[in-house]
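See structure below.
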Amino acid sequence: MGKGGNSSFGSETKEVLINGRFYDVSDFRHPGGSILKFLAGSGADATPSYKEFHLRSQKADKYLKGLPSREATKAELEHAVSLSQLTSTETEKSKSNSGPLSSLNKVEALDKDFKQLRADLTAEGFFKPNLLHVTWRCVEIVGMVAMAGMFLVGDILALQVLGFLMLAIAQGRCGWLMHEGGHYSMTGKISIDRRLQEFIYGFGCGMSGAWWRNQHNKHHATPQKLQHDVDLATLPLMAFNSRVPKHGNVKGLQALWLKYQAFLFFPVTSFLVGLGWTLFLHPRHSARSAHYFELTSMAARYLCFYAAFGGKFGAAGAFALYMGSFATACNYIFINFSVSHTHLPVSESSDFLHWVVYAAAHTTNIKDSRLCTWWMAFLNFQIEHHLFPSMPQYNHPKISPRVKALFEKHGLVYDVRPYWGAMADTFSNLHQVGHDVQAHSKTK
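Residue numbers for the sequence shown follow my numbering, so the first one is 371 and each next one is one higher.
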């Protein structure tokens, strides 16, 4: 694969290639955070990222038109295409046996077919939100919380246990639902979806939607890419790939912790991550970025929880119930998110994969079933989600056969694994990485 380099050939100007034009972003402060710096000056084509992240944004096009720009030369366009070629080693990483994207012609053919597929799906209405579906998902969560509350304040132990589990799962499902809002695919109206996401995540999980949007788009732009994908930046509590830790700096108790991370991920580490997010990282971000609606939603969460259960269980009992249900919710959401990426190969920080290859090489689907698709809220179709992050997620199963056909045509593997098989791969990877880190720490 070609390595990126400044498209200005020695100039310090930072340019991004979008729709055949280079836009000067040297002095542009991107409202979506630092994701722009991943592509600025690389010469790689940022068009797919721009289109998928700004599908419903009119402001984005206005910002873009206001930037200094120039038409890309034929040589620069060919260079952008060449960056998406795969070497023999990268072909192996892509889980393919047929040498995908080994020439410029193959890259251009894939690009053409992907654009056509996207145009067809758009014309057929697959990117249009379904308000009835969104309403049902909201009603489901409210119903689960209401029923959980009724069971918990009762006196029947079996129903109290059931209520506890329902309360925890409902919190986790707030995480799934806010994910839809964060991609602006709940109503299709950015301002409404953003506010819905911030309320659902703040009240339902005690976390910041603004923080999530800033971080999650970086993951979508470069999944499993070293020094770029924030989902790989999980130290000090865990490491999903042995390339992530700086082995010379991992020693002592941290090395010991990582050695046993496969046993700690459930139930300890997931809870600690969630606790750190909800008590420090997320409220700090909301305060610093003046997202006061988020802070209000978080505060309302704690007040409502105490009002609902403080009378029955007292302050200490309500606190224990909160921590227990929150810990269970964290394990539900974090562990299920991990099965689609974390055990897969990583790409180098200087590599620039084709948008479709990112989804093929660094993402796996979980086998469809009614239970699994409900349990993972349609995000068991991660390949489709990474190709079309702005598409309402309930449409992913519908387009799956067409995506699979695209992959097969271009020699890319459409990776589908059974739920428990992917779970085993995830924990096996954690175990192997932990032992690799421990072994390296002993040699220092």
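Ideal Cβ positions, reconstructed from N, Cα and C, are used throughout, including at glycine.
Since this is a predicted model, take the numbers as computed values, not measurements.
V515 - DSSP class collapsed to helix/strand/coil:
helix
Out of A677, V395 and R671, point me to the one whose CA is closest to Y571's CA.
R671
Could you give the C-beta distance for Q594 and H711, rounded to a whole number, given that I count them as a contact under 8 Å?
6 Å
Cβ-based neighbour list, A540, same chain, cut-off 7 Å, excluding 5 preceding and 5 following:
I511, M514, V515 and A518
What does DSSP give as the partner residues of L387 in its beta bridges?
F392 and D415
If you follow the beta strand (DSSP E) that S439 is part of, which residue opens it and which one closes it?
Element bounds for S439: S439 to E441.
Give me, in chain order, the residues of the same chain whose beta-carbon lies closer than 8 Å to that of E718; leave out the 5 immediate sequence neighbours on both sides.
K595 and L596
Could you check if S377 is buried or exposed, using at least 16 other CB atoms within 10 Å of its CB as the buried criterion?
Reliability fails at S377, whose pLDDT of 42 lies under 50, so the model's placement of it is uncertain and no value is given.
Best match in Q567, M520, N389 and D721 for proximity to D481 [C-alpha to C-alpha]
N389
Hey, could you find the ends of the alpha helix (DSSP H) N701 is sitting in?
Y662 to S708
Between L502 and S760, which are expected to be in contact by the criterion C-beta below 8 Å, what is the C-beta distance as a whole number of angstroms?
Between S760 and L502 the Cβ distance is about 19 Å, and since that is not below 8 Å, they are no contact.
Would you kindly report the start and end of the unbroken alpha helix (DSSP H) that includes L607?
Annotation: L607 is outside any alpha helix (DSSP H) and is labelled neither H nor E by DSSP.
For R787, does the three-state DSSP call read helix, strand or coil?
strand
CA-to-CA distance, Q486 to A545, given in whole angstroms
Correcting the residue type first, residue 545 is Gly in the shown sequence and not Ala. Rounded to the nearest angstrom, the two C-alpha atoms are 33 Å apart.
Confirm, please, whether the CB-CB distance from W647 to M577 is below 8 Å.
yes
Leaving out the 5 sequence neighbours to the left and right, which residues in its chain are closer than 6 Å to W627 when beta-carbon positions are compared?
Excluding residues within five positions, none has a Cβ falling inside 6 Å.
Residues in the same chain with beta-carbon distance under 7 Å from K463, minus the five sequence neighbours each way, listed in chain order, please.
Here the model assigns K463 a pLDDT of 45, short of 50, so the residue's position is not dependable, and the following value carries that caveat. Here the set comprises P715 and A731.
Same chain, Cβ closer than 7 Å to Q567, neighbours up to 5 away in sequence not counted:
Apart from sequence neighbours up to five positions away, the residues of its chain that approach Q567 with a beta-carbon distance below 7 Å are M548, G551, G552 and G579, ordered along the chain.
Nearest by alpha-carbon distance to A747: which of V807, A591 and Q763 is it?
Q763
V477 versus D483 - alpha carbon distance:
10 Å
Could you spell out the range, first to last residue, of the alpha helix (DSSP H) harbouring Q752?
Q752 to L757
Whole-angstrom distance between Y676 and A686, CA atom to CA atom:
10 Å
What are the boundary residues of the alpha helix (DSSP H) that includes N475?
Taken as a continuous stretch (DSSP letters only), the alpha helix (DSSP H) holding N475 covers L474 to A493.
For I736, does the three-state DSSP call read helix, strand or coil?
strand
Local Cβ density within 10 Å of N701, reported as buried at 16 or more and exposed below that:
When all chains shown are included, N701 counts as buried.
Can you tell me the Cα-Cα spacing of F797 and K429, whole angstroms?
43 Å
Using C-beta distances below 8 Å, list every residue in its chain close to L406, excluding the 5 sequence neighbours before and after it, in chain order.
V386, V395, F398 and H400
Whose CA, out of L673, Q585, A625 and V709, lies closest to the CA of H652?
Q585
Leaving aside the five residues before and after T698 along the sequence, list all residues of the same chain whose C-beta is less than 6 Å from its C-beta, in chain order.
A538
Assuming V773 and L757 make a contact with CB atoms under 8 Å, what is their CB distance in whole Å?
7 Å
Closest Cα partner of N799 within the set R613, P499, E448 and F663:
Selected option, being the one with the closest Cα: R613.
Taking all protein chains shown into account, do 16 or more other C-beta atoms lie within 10 angstroms of the C-beta of N475, making it buried, or fewer, making it exposed?
exposed
Taking C-beta to C-beta, are G413 and E441 nearer than 8 Å?
no
Give the secondary structure of K779 by DSSP, where H, G and I count as helix, E and B as strand, and everything else as coil.
Here DSSP, grouped into helix, strand and coil, assigns K779 to helix.
So, with DSSP's three-state summary, where would you put S339?
In the structure displayed, the chain extends from 371 to 814; residue 339 sits before or after that span and is not available.
Using the beta-carbon count (16 or more within 10 Å), is D721 buried or exposed?
buried
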